[in-house]
Amino acid sequence: MVHDTSLIVTIAAGLSLAFLFGVIAAKVGLPPLLGYLMAGLAVGPFTPGIMADSAVAQQLSEIGVTLLMFGVGLHFSIKDLWAVRKVAIPGAIVQIAVATTLGLALGTLFNMKFGAGLVFGLCLSVASTVVLLRALNDRNLMDSANGRIAIGWLVVEDLVTVLALVALPALSGSLGGTQSSEQQSVALTLGMTFLKVTAFVGLMLIIGKRVIPAVLGRVASSGSRELFTLGVVAIALGIAFGSSALFGVSPALGAFFAGIVIAESDLSHRANAEILPLQETFTVLFFVAVGMLFNPYVLVEHPLQVFAALVIVTVGKSVAAAAIVLLFRYPIATALVISASLAQIGEFSFILASLGLSLGLIRSEALSVILAVGVLSIGLNPLVFSLSTKLTTIVERNPKWLKLCEGDTANIFTEYDQTTDALKNHAIMVGFGRVGAVIGAALSRTGVPYVVVDLDREVINMLQENQIPTIFGDASRPGVLEHAHLNSAAILIVATPAKSQAREIVQVARNLRPDLKICVRTHHAGDVSFFDALRIERVVLGELETALEMAGFAMSATHSNPQIVSTTIDDLRQVGAKIMETKHDCLPEASSS
13 MVHDTSLIVT
23 IAAGLSLAFL
33 FGVIAAKVGL
43 PPLLGYLMAG
53 LAVGPFTPGI
63 MADSAVAQQL
73 SEIGVTLLMF
83 GVGLHFSIKD
93 LWAVRKVAIP
103 GAIVQIAVAT
113 TLGLALGTLF
123 NMKFGAGLVF
133 GLCLSVASTV
143 VLLRALNDRN
153 LMDSANGRIA
163 IGWLVVEDLV
173 TVLALVALPA
183 LSGSLGGTQS
193 SEQQSVALTL
203 GMTFLKVTAF
213 VGLMLIIGKR
223 VIPAVLGRVA
233 SSGSRELFTL
243 GVVAIALGIA
253 FGSSALFGVS
263 PALGAFFAGI
273 VIAESDLSHR
283 ANAEILPLQE
293 TFTVLFFVAV
303 GMLFNPYVLV
313 EHPLQVFAAL
323 VIVTVGKSVA
333 AAAIVLLFRY
343 PIATALVISA
353 SLAQIGEFSF
363 ILASLGLSLG
373 LIRSEALSVI
383 LAVGVLSIGL
393 NPLVFSLSTK
403 LTTIVERNPK
413 WLKLCEGDTA
423 NIFTEYDQTT
433 DALKNHAIMV
443 GFGRVGAVIG
453 AALSRTGVPY
463 VVVDLDREVI
473 NMLQENQIPT
483 IFGDASRPGV
493 LEHAHLNSAA
503 ILIVATPAKS
513 QAREIVQVAR
523 NLRPDLKICV
533 RTHHAGDVSF
543 FDALRIERVV
553 LGELETALEM
563 AGFAMSATHS
573 NPQIVSTTID
583 DLRQVGAKIM
593 ETKHDCLPEA
603 SSS
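Numbering (our numbering), first residue to last: 13 to 605.
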């Protein structure tokens with residue numbers, strides 16, 4: 013019997029080489045993502061040696077995209093999505109329009125017809141789901157205000173892409189491509205698409221919100237981990253591809269809303285933990301599949317087209333996104349994070365390009381250029397993020413540049429609540445996420461007044477509705493803490509998880525008020541010595557406090573003397589950061605006998 017092993021070869025060769033090249037990339041200080049792309053090039057049709065099945069790889073990568081979006085939905089609530097609509101919807105639409113126009117102009121310059129240039133521009137305007145999410149996750153930005161805006165922006169781009177995929181066949185004839193066999197007006201096509209998408213979203217939010225968590229809850233109560241894992245995967249893939257078949261929604265978007273529905277239940281954390289290994293594996297296969305599509309010879313045959321298109325994606329599109337965000341009065345840091353997130357193209361661009369080729373709108377040379385730009389922009393994205401971080405620092409330290417970018421609101425803040433004028437002997441809290449909310453509840457219950465400094469406009473609006481004094485701005489900038497009345501404050505609480513920002517905030521505060529009590533949160537053991545050098549009264553290391561809480565409970569359950577338990581915990585709090593770094597002090601002392 014002859015067996016077709018293309019699927020096995022593709023998975024085995026792709027993952028094995030991805031692991032090998034990923035390790036090499038990490039060893040030399042490069043992102044593992046570049047290693048995955050190189051693995052795809054190694055098993056692709058344009059290099060000698062093992063050749064995997066590119067069609068199979070594409071299907072596997074689509075599963076990866078679907079599972080990744082499902083995982084994002086598990087962390088992204090409906091409230092978060094609605095909160096960023098004011099900047100994400102107009103921002104994504106304008107950015108797509110600008111990038112498409114630039115691509116159309118470039119296509120015209122290289123003798124493309126209008127229809128071909130339009131498709132070419134659309135392909136350059138849409139960012140990759142996988143790359144954007146991986147970049148945000150690697151930088152711990154998924155749950156930040158900037159991350160939520162970027163993800164909301166991405167959802168809008170997906171919706172626009174769905175409309176484009178449906179509209180192109182209907183417009184093909186008038187754009188210079190092959191005439192669609194179904195004679196249907198564009199307005200009717202777009203209207204039907206809008207109704208289908210609306211019906212799908214409504215179905216998920218109204219019916220799915222009740223049915224899906226109930227089904228998973230029944231499975232979880234059975235006690236079978238295997239069935240629960242299978243149920244999560246079945247729901248993610250079933251809804252994703254079912255929504256595509258029934259409603260014309262992209263599988264990734266369908267999976268995203270399925271994740272949002274489950275996120276409203278208490279099973280979201282378990283569902284995410286069960287699906288994570290599968291999600292990571294198929295995400296790697298996505299990058300391998302992209303690498304397989306890359307033909308290095310296009311860099312020799314069409315170098316100018318590739319370079320110009322790459323500039324549009326990494327510079328033109330990024331500048332447009334940053335300008336839009338700044339127009340909405342967000343800080344330069346937010347603008348640059350979002351612009352860096354969108355400075356690449358990926359799976360949706362390839363789908364649009366393939367559709368354009370099948371409709372006769374673009375030629376194979378244009379498809380090759382788009383694929384090359386996709387691979388290069390994905391590979392360069394970590395560098396773009398690094399440059400955006402450095403540029404943020406440079407701009408924020410230069411008052412003239414800061415004012416040029418942010419207008420009259422530069423240097424200090426965007427807005428603040430005038431009720432802060434009455435504050436004395438109060439607490440200043442920087443960051444009002446999950447940790448800050450608990451601290452705020454404690455202060456409110458004990459009658460301690462406090463003012464919140466945050467960069468999330470939605471958080472600020474919510475707090476102001478509840479009559480809590482707020483300042484919208486970056487606490488590390490000169491002037492912001494003064495407006496929170498630092499001179500009359502009793503304590504500064506830095507609850508933001510951002511490492512570099514916390515350091516800068518503490519330095520600014522210590523310079524202004526050497527005697528002020530400061531409590532700072534950190535996730536890095538290496539930060540403890542830095543804050544100790546500044547004589548910070550209380551440094552809360554998240555993992556250490558969790559360990560001490562568990563250790564205290566363990567000792568209380570096994571030791572009869574509470575004084576020894578308390579003394580041990582206090583001693584360990586002083587040296588805990590060192591123990592976490594070395595892991596040696598936890599070993600029992602050798603017996604002297």
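C-beta: ideal position from N, C-alpha, C; glycine also.
| query | Are at least three pairs of beta-carbons, each pair with one atom in the segment 73–83 and one in the segment 263–278, less than 8 Å apart? | reply | Taking a contact to require three or more Cβ pairs closer than 8 Å, the segment 73–83 and the segment 263–278 qualify as touching.
Pairwise C-alpha distance: T59 and M474 = Here residue 474 corresponds to residue number 462 of the sequence shown, with the count starting at 1. Here residue 59 corresponds to residue number 47 of the sequence shown, with the count starting at 1. C-alpha separation (whole angstroms): 56 Å.
- Query: So L153 is in the alpha helix (DSSP H); what residue range does that whole segment cover?
  - Reply: Your numbering for residue 153 matches position 141 in the sequence shown. It is not in any alpha helix (DSSP H) - L153 carries neither H nor E in the DSSP assignment.
Can you give the Cα-Cα distance for P394 and P44, rounded to whole angstroms? Stepping through the sequence shown from its first residue, residue 394 is reached at position 382. Stepping through the sequence shown from its first residue, residue 44 is reached at position 32. Roughly 10 Å separates the two Cα atoms.
ask   = Which of helix, strand or coil does DSSP assign to D466?
value = Sequence index remark: in the sequence shown, residue 466 carries index 454 (1-based). It is a strand residue.
inquiry  = Judging by CA-CA distance, which residue of A569, M567, T570 and A559 is the nearest neighbour of V606?
reply    = Only positions 13 to 605 of the chain appear in this structure, which leaves residue 606 out of reach.
* To do: Kindly list the residues whose CB is nearer than 8 Å to the CB of S66, restricted to its own chain and excluding five residues on each side of it in sequence; keep chain order.
  => Within the sequence shown, numbered from 1, the residue matching residue 66 stands at position 54. The answer, listed in chain order, is G56, P57, A301, M304 and L305.
*Give the DSSP-derived three-state secondary structure of A67 in the structure shown.*
For the purposes of this step, residue 67 is identified with residue 55 of the sequence shown, where counting begins at 1. For A67, the secondary structure class from DSSP, reduced to helix, strand or coil, is helix.
Reference F298; option with closest CA among T22, S18, L121 and V323: Within the sequence shown, the letter at position 286 stands for residue 298. Out of T22, S18, L121 and V323, T22 has the C-alpha closest to the C-alpha of F298.
*Within its chain, find whatever has a CB closer than 7 Å to the CB of I101; leave out the 5 residues flanking it on each side and keep chain order.*
Position 89 of the sequence shown, counted from the start, is the residue given in the question as residue 101. Once the five neighbours on either side are set aside, the close Cβ partners of I101 are V168.
**Report entry** Endpoints, alpha helix (DSSP H) assigned at L118
**Finding:** The count along the sequence shown starts at 1 and reaches residue 118 at position 106. From DSSP, the alpha helix (DSSP H) with L118 extends over R97 to L121.
Using C-beta distances below 6 Å, list every residue in its chain close to I251, excluding the 5 sequence neighbours before and after it, in chain order. Within the sequence shown, residue 251 is the residue found at index 239, counting from 1. Excluding positions up to five away in sequence, the list reads G266 and A270.
inquiry  = Please list the terminal residues of the continuous beta strand (DSSP E) segment that includes F484.
reply    = Taking the first residue of the sequence shown as 1, we reach residue 484 at position 472. From DSSP, the beta strand (DSSP E) with F484 extends over T482 to G485.
Separation of N158 from V349, as counted between CA atoms: Sequence index remark: in the sequence shown, residue 349 carries index 337 (1-based). Sequence index remark: in the sequence shown, residue 158 carries index 146 (1-based). As the crow flies, the alpha-carbon of V349 is around 7 Å from that of N158.
query: How would you write the range of the beta strand (DSSP E) that I440 sits in, first residue to last?
result: The sequence position of residue 440 within the sequence shown is 428, counting from 1. That run of the beta strand (DSSP E) goes A439 to V442.
- What is the DSSP secondary structure of L435, counted as helix, strand or coil? Locating residue 435 in the sequence shown gives position 423, where the first residue counts as 1. DSSP places L435 in coil when its eight states are reduced to three.
Hey, out of A347, A38 and G459, whose CA is closest to D468's CA? Position 456 of the sequence shown holds residue 468. Nearest option by C-alpha distance: A347.
Taking only the alpha-carbon atoms, compute the straight-line gap between R585 and E549 and give it to the nearest angstrom. Numbered from its first residue, the sequence shown carries residue 585 at position 573. Numbered from its first residue, the sequence shown carries residue 549 at position 537. Spanning the two alpha carbons is a distance of roughly 13 Å.
If we call anything under 8 Å between Cβ atoms a contact, is L364 one with L177? Here the question's residue 364 lines up with position 352 in the sequence shown. Here the question's residue 177 lines up with position 165 in the sequence shown. L364 places its beta carbon less than 8 Å from that of L177.
Worksheet item: How should D527 be labelled, buried or exposed, when 16 other C-beta atoms within 10 angstroms of its C-beta is the threshold for buried?
Response: Start at 1 with the first residue of the sequence shown, and residue 527 comes out as number 515. By the 10 Å Cβ count, D527 comes out exposed.
- Task: State the DSSP-derived secondary structure class of K590, mapped to helix, strand or coil.
- Result: Along the sequence shown, one-based indexing puts residue 590 at 578. Looking at K590 - three-state DSSP - the assignment turns out to be helix.
Can you give the Cα-Cα distance for D170 and T112, rounded to whole angstroms? Locating residue 170 in the sequence shown gives position 158, counting from the first residue. Locating residue 112 in the sequence shown gives position 100, counting from the first residue. Rounded to whole angstroms, D170 and T112 show a C-alpha spacing of 15 Å.
Item to check | Own chain residues within Cβ distance below 6 Å of K208, not counting five before or after | outcome: Position 196 of the sequence shown, counted from the first residue, corresponds to residue 208. Cβ within range, chain order: F259 and G260.
Review point. Mapping DSSP to helix, strand and coil, what is V138?
Key: For the purposes of this step, residue 138 is taken as the residue at position 126 of the sequence shown. Of the three classes helix, strand and coil, the one that applies to V138 here is coil, per DSSP.
Secondary structure at R547, three-state DSSP: helix, strand or coil?
Locating residue 547 in the sequence shown gives position 535, counting from the first residue. Reduced to three states, the DSSP call for R547 is coil.
Self-check item: Beta-carbon contacts of G386 that lie in its chain and below 7 Å, excluding the five residues immediately before and after
Solution: Numbered from 1 along the sequence shown, position 374 holds the residue referred to as residue 386. For G386, the CB contacts under 7 Å within the same chain, skipping 5 residues up- and downstream, are V302, I357, G358, S361 and F362 in chain order.
Best match in I20, G127 and T78 for proximity to S262 [C-alpha to C-alpha]: Walking along the sequence shown from the start, residue 262 turns up at place 250. Cα-wise, what sits closest to S262 is T78.
Can the beta-carbon of S380 be found less than 8 Å from the beta-carbon of N307? Within the sequence shown, numbered from 1, the residue matching residue 380 stands at position 368. Within the sequence shown, numbered from 1, the residue matching residue 307 stands at position 295. A contact, by the Cβ cut-off of 8 Å.
Cα-Cα separation between V312 and Q291, rounded to whole angstroms | Here residue 312 corresponds to residue number 300 of the sequence shown, with the count starting at 1. Here residue 291 corresponds to residue number 279 of the sequence shown, with the count starting at 1. Approximately 36 Å between the Cα atoms of the pair.
Would DSSP call T534 helix, strand or coil? Residue numbering aside, residue 534 sits at position 522 when the sequence shown is read from its first letter. T534 falls in the strand class under three-state DSSP.
Endpoints, alpha helix (DSSP H) assigned at L498: As a first step, residue 498 must be located in the sequence shown, where it is residue number 486. No alpha helix (DSSP H) holds L498; DSSP gives it neither H nor E.
Considering just the uninterrupted stretch of the alpha helix (DSSP H) at P308, what are its terminal residues? Stepping through the sequence shown from its first residue, residue 308 is reached at position 296. Annotation for P308: no alpha helix (DSSP H) segment contains it, and DSSP assigns it neither H nor E.
What is the residue span of the alpha helix (DSSP H) that G391 lies within? As a position in the sequence shown, residue 391 is number 379, starting the count at 1. DSSP places G391 inside the alpha helix (DSSP H), whose first and last residues are S376 to E408.
**Item:** Delimiting residues of the alpha helix (DSSP H) encompassing I218
**Value:** Along the sequence shown, read from residue 1 onward, the residue named residue 218 stands at position 206. That residue, I218, is in no alpha helix (DSSP H); it is neither H nor E in DSSP.
For L148, which residues of its own chain have a beta-carbon under 7 Å away from its beta-carbon, when the five flanking residues on both sides are left out? Residue numbering aside, residue 148 sits at position 136 when the sequence shown is read from its first letter. Once the five neighbours on either side are set aside, the close Cβ partners of L148 are M154, G159, A162 and S353.
Am I right that I336 and V106 are in contact with their C-beta atoms under 8 Å? What's the rounded C-beta distance?
Position 324 of the sequence shown holds residue 336. Position 94 of the sequence shown holds residue 106. The Cβ separation is near 6 Å, so the contact holds.
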